[in-house]
Amino acid sequence: IFGGYSTKIQSFPWQVYFESPRGGGALIDEYWVLTAAHVVEGNSDPVMYVGSTLLKIERLRNAQRLITERVIIHPSWKQEDDLNTRTNFDNDIALVQLKDPVKMGPTVAPICLPETSSDYNPSEGDLGLISGWGRTENRTNVIQLRGAKLPITSLEKCQQVKVENPKARSNDYVFTDNMICAGEKGVDSCEGDSGGAFALPVPNVKDPKFYVAGLVSWGKKCGTYGIYTKVKNYVDWILKTMQENSGPKKD
Amino acid sequence: EPTMYGEILSPNYPQAYPNEVVKTWDIEVPEGFGIHLYFTHLDMELSENCAYDSVQIISGGIEEERLCGQRTSKSPNSPTVEEFQFPYNRLQVVFTSDFSNEERFTGFAAYYSAVDVNECTDFTDVPCSHFCNNFIGGYFCSCPPEYFLHDDMRTCGVNCSGDVFTALIGEIASPNYPNPYPENSRCEYQIRLQEGFRLVLTIRREDFDVEPADSEGNCHDSLTFAAKNQQFGPYCGNGFPGPLTIKTQSNTLDIVFQTDLTGQNKGWKLRYHGDPIPCPKEISANSIWEPEKAKYVFKDVVKITCVDGFEVVEGNVGSTSFYSTCQSNGQWSNSRLECQPVDCGVPEPIENGKVEDPEDTVFGSVIHYTCEEPYYYMEQEEGGEYHCAANGSWVNDQLGVELPKCIPVCGVPTEPFKVQQR
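Here is the structure:
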């Protein structure tokens, strides 16, 4: 997280820590974690934790470790051989089903899914929250969770950013309507934050309540603008997948 | 040795008898005979009460006759001047002369012979209860048809005991009823009904004619009833002195009809029937009895159905009805069973929620499920309240028997994210 601040897990109780490769995810149900496809690509049994602010071993020992039942990557995600030269992050979304239900509490809680009404269409200027243990301005990996608040902006802003990855050309990157661009004044997500939630306030609700509008997906250069998978486009797929895979687990 | 005949002559007969003489003759004829004693000659000093000279005839220590003076024959064809007949087989003849006889008296000549005694007629007491048959030297008793001679060989009786009545309804009468009942009889009847019935006797006043009691109130002929722990009677008289119906508390009864030697009464007749023992009718708000009757008696079967919300538990099995039978002891079978409020038992726990410990878990009780707030909420808004239903399940108005679900509250952080501005 660039331009963010140290925070406590209680402020982002839906935050899931993916151990290796480091990444994030959003808890959306007792049995389901929403993340970016590229986080779990090639890893059918990711190790995950919830409920801990710090990534210290002794803290993780007391946190809830999540055991994977299955990983379901969006069928439209395009698998590529070279992960470092990927330029097409369209449909960067995946679901991880858990073996056992997560116990909710002050440090663990799901984030809401967007509803179908237009109130949940992300709009420019909407301020959202991001979080993660990814790279910061000063450190590649951080121990304490960090969070940031940043606005949604136009996709052009993300398109205009010059590439950081020398292996890919700026024009090769794919921008679709399945993506949200967000960022301002150096507030951005970065490597290690992928899969985490871009949370927006639930509209028309008095008490603070958030839904996952986006998932940290990719960006040309950390600290500028980042691209987030537009979760609202995938709600049907999410619900259908959860429905189809609910019920008694098969051995 | 007993003899059939004999001669007794006064001392010195036919000459004058001496003074101051007492002579005794013991006469004995065989058993079954009497003695015919007759004098052919009697010439003794006459005195008042035969105080001086006499001939005494004594039987069994009792002076039967005392003779003195002279006798002559009343009939020219018979020499007998005096004769006696005694129905005994032994006699004593005692001749007594005193010290002074101024005249010459020649005494007596007597003869005796054994004569048959008619035991049937010669005595005040008739030896047989019914028929007496005399023969020379004895007699024997006999009985009318259907009578038998008792071991005493004198009394006749009727064999009227041994009948056992087992039918639920019946009629019993004295022998020969309405003709006179036999004398000297003891008739015993038994009524034996199966357990579960109580005997009721009905005797109409006009159906009873038994020799009345004597002046002291004692019945010589009597009818007595004996049940378990109860006795009725003895009854006698013209017209039944007891109640029209006698209700016993027993399924068995012994009837004894005792008669003596006398009386010519027609006897008695009774009817009996067995009343089934009743079982108590128990009124309960928790159950319905079928069939509904004002009174239940032995062998009645009822189906007892519990009203809604109640059940009968036997072992580990609960059911809504059971059958009960009125038993022979007046108690219902399965009396230990009763309709109790259905118990829904301890409510099942739910994940991420809890249910308060209910005060009661029986029909009508209410419990409340709640979720672990603020992290969980109930999926159904009104899904927390359950009541114990009649079928033994905890039921919610919306979910039915399905348990409520506690769903995680989404999107609410415990602490707000604070941007630390410098």
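The listed protein sequences correspond, in order, to chains A and B.
Everything in the first sequence is counted per our numbering, starting at 9 for the first residue and increasing by one.
Everything in the second sequence is counted per our numbering, starting at 4 for the first residue and increasing by one.
Every residue, glycine too, gets a C-beta built ideally from N, C-alpha and C.
The structure displayed is predicted, hence computed values, not measured ones.
Notebook entry, point to check: chain A beta carbons: is any one of them nearer than 8 angstroms to that of residue 372 of chain B?
Noted result: False, the Cβ-Cβ gap to chain A never drops below 8 angstroms.
Checklist line | Amino acids of chain A, ordered along the chain, whose beta-carbon sits closer than 7 angstroms to that of residue 412 of chain B | finding: Going along chain A in sequence order, the residues near residue 412 of chain B (Cβ under 7 angstroms) are 117.
Next item on the list: State the Cα-Cα distance for the pair residue 257 of chain A and residue 224 of chain A, rounded to the nearest angstrom.
Entry: Model confidence at residue 257 of chain A stands at a pLDDT of 49, short of 50, so the residue's coordinates are unreliable; what they give is reported in the following sentence. In a straight line, the C-alpha of residue 257 of chain A is about 30 angstroms away from that of residue 224 of chain A.
Item checked: Neighbourhood of residue 246 of chain A by C-beta distance below 6 angstroms, restricted to the same chain and skipping five residues each side -> none
Note to self: If I follow the unbroken alpha helix (DSSP H) through residue 168 of chain A, where does it start and stop?
What the structure shows: Residue 168 of chain A -> alpha helix (DSSP H) spans 163 to 168.
Item checked: For residue 295 of chain B, the nearest candidate out of B:305, B:287, B:289 (CA to CA) -> B:305
Margin query: Using 8 angstroms as the threshold, is the C-beta distance between residue 161 of chain A and residue 98 of chain A below it?
Written below: Going by beta carbons, residue 161 of chain A and residue 98 of chain A fall outside the 8 angstroms limit.
Next item on the list: Could you name the residues of the stretch 350 to 361 of chain B whose beta carbon sits closer than 8 angstroms to any beta carbon of chain A, in the order they occur along the chain?
Entry: The residues in question are 354, 355.
Checklist line | Short-range partners of chain C found in the stretch 133 to 145 of chain A, where Cβ spacing is below 9 angstroms | finding: No chain C is present in this structure, whose protein chains are A and B.
Note to self: If you reduce the DSSP assignment to three classes, tell me which class residue 250 of chain A lands in.
What the structure shows: Reduced to three states, the DSSP call for residue 250 of chain A is helix.
Checklist line | Extent of the continuous beta strand (DSSP E) to which residue 77 of chain A belongs | finding: For residue 77 of chain A, the enclosing beta strand (DSSP E) stretches over residues 76 to 81.
Note to self: Going by DSSP in three states, residue 257 of chain A sits in which element: helix, strand or coil?
What the structure shows: No answer about residue 257 of chain A holds up, because its pLDDT of 49 lies below 50 and its placement is not dependable.
Note to self: Is residue 412 of chain B a contact residue of the ligand FAD, with contact defined as CB to any heavy atom under 7 angstroms?
What the structure shows: Inclusion of the ligand FAD in the displayed structure is not the case, the ligand content being empty and no account of it being possible.
Next item on the list: Just mark residue 202 of chain A as buried or exposed, buried being the case when its beta carbon has 16 or more other beta carbons within 10 Å.
Entry: That one is buried.
Next item on the list: Measuring alpha carbon to alpha carbon, tell me which of B:147, B:96, B:44 ends up nearest residue 83 of chain B.
Entry: B:44
Note to self: Looking at residue 186 of chain B: is its Cβ nearer than 8 angstroms to the Cβ of residue 132 of chain B?
What the structure shows: yes
Notebook entry, point to check: Mind checking whether residue 48 of chain A and residue 79 of chain A have CB atoms under 8 angstroms apart?
Noted result: yes
Item checked: Cross-chain neighbours of residue 206 of chain A in chain B, by beta carbon under 7 angstroms -> Within chain B, no residue comes near residue 206 of chain A; the closest Cβ sits about 13 angstroms away, beyond 7 angstroms.
Checklist line | chain A contact residues for residue 418 of chain B, given Cβ-Cβ distances below 8 angstroms | finding: Residues of chain A passing the Cβ test: 16, 18, 19.
Notebook entry, point to check: Of all the CB atoms in chain B, is at least one closer than 8 angstroms to the CB of residue 4 of chain A?
Noted result: No information on residue 4 of chain A is available, as it lies outside the stretch 9 to 259 that chain A covers here.
Item checked: Selected residue, minimal CA-CA separation from residue 253 of chain A, among A:107, A:14, A:56 -> A:107
Check: Which class does residue 39 of chain B belong to by DSSP, given the choice of helix, strand or coil?
Finding: strand
Next item on the list: Answer with yes or no whether the minimum CB distance from residue 243 of chain A to chain B is below 8 angstroms.
Entry: no
Margin query: For a test of the three-state rule: what should DSSP assign to residue 94 of chain A, helix, strand or coil?
Written below: coil
Check: Can you list the residues of chain B that residue 217 of chain A reaches, using a CB-CB cut of under 8 angstroms?
Finding: 413, 414, 415
Margin query: Taking a contact to mean a Cβ-Cβ separation below 8 angstroms, would you say residue 242 of chain A touches residue 222 of chain A in this structure?
Written below: no
Next item on the list: Report the rounded CA-to-CA distance for residue 190 of chain A versus residue 82 of chain A, giving the unit in angstroms.
Entry: 23 angstroms
Next item on the list: Please confirm whether residue 153 of chain A and residue 20 of chain A have their CB atoms less than 8 angstroms apart.
Entry: Less than 8 angstroms separates the beta-carbon of residue 153 of chain A from that of residue 20 of chain A.
Margin query: For a cutoff of 8 angstroms on Cβ pairs, would you count residue 379 of chain B as touching chain A?
Written below: yes
Note to self: Between B:307, B:247, B:39, B:5, which has its C-alpha nearest residue 339 of chain B's C-alpha?
What the structure shows: B:307
Check: Going along chain B in order, which residues have a C-beta closer than 8 angstroms to the C-beta of residue 150 of chain A?
Finding: When 8 angstroms is used as the limit between beta carbons, residue 150 of chain A is near no residue of chain B, the shortest such separation being about 15 angstroms.
Next item on the list: Rounded to whole angstroms, what's the CA-CA distance from residue 159 of chain A to residue 226 of chain A? Just pull it up for me.
Entry: 16 angstroms
Checklist line | Cβ neighbours of residue 117 of chain A in the same chain (closer than 8 angstroms, five flanking residues each side left out) | finding: Taken in chain order, the residues that qualify are 21, 22, 35.
Checklist line | Own chain, CB closer than 7 angstroms to residue 262 of chain B, minus 5 neighbours either side, in chain order | finding: Correct list, in chain order: 184, 185, 186, 187, 188, 224.
Next item on the list: Give a yes or no on whether 8 angstroms exceeds the smallest Cβ distance from residue 291 of chain B to chain A.
Entry: no
Notebook entry, point to check: What did DSSP end up calling residue 179 of chain A once you bin it into helix, strand or coil?
Noted result: helix
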